[in-house]
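Residue numbers (the numbering used here), protein chains in the order written: chain A, 675 to 829; chain B, 35 to 125; chain C, 17 to 137.
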Amino acid sequence: MTTTIIKTTTRLLAPLILVFGSYIILHGHLTPGGGFQGGAVFASGLILLIVANVRDKVQKLFEKTPLTQLESLGALGFLGIGLLGLMSYTFLKNAIANSGFLFGGTTPQGINPGYLNTGGTLSYLNIFVGTKVLAGLTSIVLIFFLILRRERDEW
Amino acid sequence: MRKALGLFAFLAFVLFLFAATISLRPFGEPPHAEMDSYFIEHAQEEASANNVVTSVVFDYRGFDTLGEATVLFTAVSGVLMALRHYGGKEK
Amino acid sequence: MNGSLFVNFPFIVVALLLALGFYTIGFKRNLIKVIIGVEILEGAVNMFIVALGYVKGGYAPIYTQAPQEAVGKMVLPTPQALTLTSIVIGVAVTALMLAFAVNIYRHYGTLDVTRVRRLRG
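What follows is the structure, encoded as structure tokens:
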């Protein structure tokens, strides 16, 4: 399954897919997309790297990748941003919007060209959910790959 | 015999599905849109996002998204639990 | 009657997909095919939710560089948010089902549901 054509195409294509996934995550409050969709795109780039390589190389490549830690970081970050809302009113209140902090700009009313420095907590939640989704989907496929390739390694 | 009975029940169900489809309200005219028009009008000042779907997912229904993230985490640990017998020590 | 048939075309597609999914779940014996049937069913439900929120001639509910006539004619956003939730949960459930299918194949040596039912060992 891992011919030279597939390996070369993957090496060219995977960075582009990863950049596109990051773009969808970061612009989740402006354009179609968001944390879930961008995380799925990012994970599909990593999955392309997984399925186009042989087992030993995949194991060496993903041994140092902290997928479990990234997933826990996503969940804890979501909870932390939610608790930040308790400063003003309630859980998950948009406390950063219009505060001048990073991503805390003021959104103009009506149709506008879209400014990246707006969104408040929504941008942070997008980033954390994207981290969580990409770690989760990649680790699901990685588990299947490592376990099912163990017996028929002659492919 | 059992298979014929099942097929008959299935055909009756499909007939019911098509009857329900034809007698449904016409496509493209939702009867109750008060909540959604409130979201569309107030999402920019309350949630500070141009994308109304994102503001519904992460601001108005934030608890829902928290539960959804938990479901994903549970699925990953469930897959790991179900396949751990065969994998050996890695992962 | 005839007019409503053409107006309700997305709902008819949803009904066809539902029938296909239920047939696959009920009458196929291979576990992988049953999982594919569950996936078809889930796609039908997602399509139904999105089709319920459509407004005739509406635009996507995003204000970034929208055309001028889009204000006040936007598609309902809540069904799309619910569908987003449903898709992610569907992926998780599919992964879990496939993991258990692998387990069943290792334990019984077959994926036939009529033979899996018998207790062994």
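The C-beta atom is built at its ideal place from N, Cα and C for all residues, glycine as well.
All figures in this text were calculated on a predicted structure; none of them were measured in a lab.
- With a cutoff of 9 Å on beta-carbon distance, I801/A and I699/A are scored as near each other.
- Residues of chain B whose Cβ lies closer than 9 Å to the Cβ of L808/A do not exist, since the nearest Cβ in that chain is about 11 Å away.
- Residue F61/B holds the alpha-carbon nearest to the alpha-carbon of F22/C among V48/B, F61/B, G40/B, A103/B.
- Taking the beta carbon of F710/A as reference, the chain C residues within 7 Å of it are L100, V104, listed in sequence order.
- Taking 3 residues as the minimum length, the region 45-126 of chain C contains no beta strand (DSSP E) run wholly inside it.
- Collapsing the DSSP output to three states places N24/C in coil.
- For L822/A, at least one C-beta of chain C is nearer than 9 Å to its own C-beta.
- The beta carbon of P83/C does not come within 9 Å of any beta carbon belonging to chain B, so the residue lies off that interface.
- Listed along chain A is no residue with a C-beta nearer than 9 Å to that of G101/B; the closest approach is about 11 Å.
- Considering only beta carbons, the part of the region 78-93 of chain B lying closer than 8 Å to chain A consists of Q78, E79, E80, A81, S82, A83, N84, N85, V87, T88, S89, V91, F92, D93, in chain order.
- Here N800/A carries a helix assignment [DSSP, helix/strand/coil].
- The beta-carbon separation of L747/A and T682/A, rounded to 33 Å, does not stay under the 8 Å limit for a contact.
- Residues of the region 69-93 of chain C with a Cβ closer than 9 Å to any Cβ of chain A, in chain order: A76, I78, Y79, T80, Q81, A82, P83, Q84, A86, V87.
- The straight-line gap separating the alpha-carbon atoms of E80/B and A86/C is approximately 20 Å.
- For the options L808/A, G779/A, I785/A, G788/A, the alpha carbon positioned closest to that of G794/A is the one of G779/A.
- The region 90-99 of chain B makes no contact with the region 718-738 of chain A; the number of CB pairs closer than 8 Å stays below 3.
- The Cβ atoms of G719/A and L687/A lie closer than 9 Å to each other.
- Three or more Cβ pairs closer than 8 Å define a contact, and the region 68-88 of chain B meets that threshold against the region 766-780 of chain A.
- Given a length threshold of 4 residues, each whole run of the alpha helix (DSSP H) inside the region 691-751 of chain A is given here in chain order: 709-725, 729-736.
- Residue-level contact check: N24/C touches chain B, since one or more beta carbons of chain B fall below 9 Å from its beta carbon.
- Following the DSSP letters along the chain, one finds L41/B inside the alpha helix (DSSP H) bounded by residues 36-56.
- Three or more beta-carbon pairs separated by less than 8 Å link the region 29-40 of chain C to the region 50-57 of chain C, which places the two stretches in contact.
- By the rule that beta-carbons nearer than 9 Å mark a contact, L811/A touches chain C.
- When DSSP reads this structure, D128/C sits in a beta bridge with N46/C.
- With respect to G709/A, F92/B sits close: the two C-beta atoms are nearer than 9 Å.
- Between the alpha carbons of F818/A and L758/A lies a gap of roughly 37 Å.
- By the Cβ criterion, the region 48-67 of chain B is in contact with the region 65-72 of chain C, since at least three pairs of Cβ atoms, one from each stretch, lie closer than 8 Å.
- Going by DSSP, D70/B is part of the alpha helix (DSSP H) stretching over 68-80.
- Sixteen is the threshold: when 16 or more other Cβ atoms of the shown chains lie within 10 Å of the Cβ of A111/C, as they do, the residue is buried.
- At a Cβ-Cβ threshold of 9 Å, V118/C and L106/B do not count as neighbours.
- Look at V107/C: its C-beta is under 9 Å from a C-beta on chain B.
- Just so you know, the alpha carbons of R45/C and I65/C end up roughly 30 Å apart.
- When the five nearest sequence neighbours on each side are left out, the beta carbons in the same chain lying within less than 8 Å of the beta carbon of T742/A are those of A809, S813, in order along the chain.
- For L106/B, the chain A residues whose Cβ falls inside 8 Å of its Cβ are K806, V807, G810, in order along the chain.
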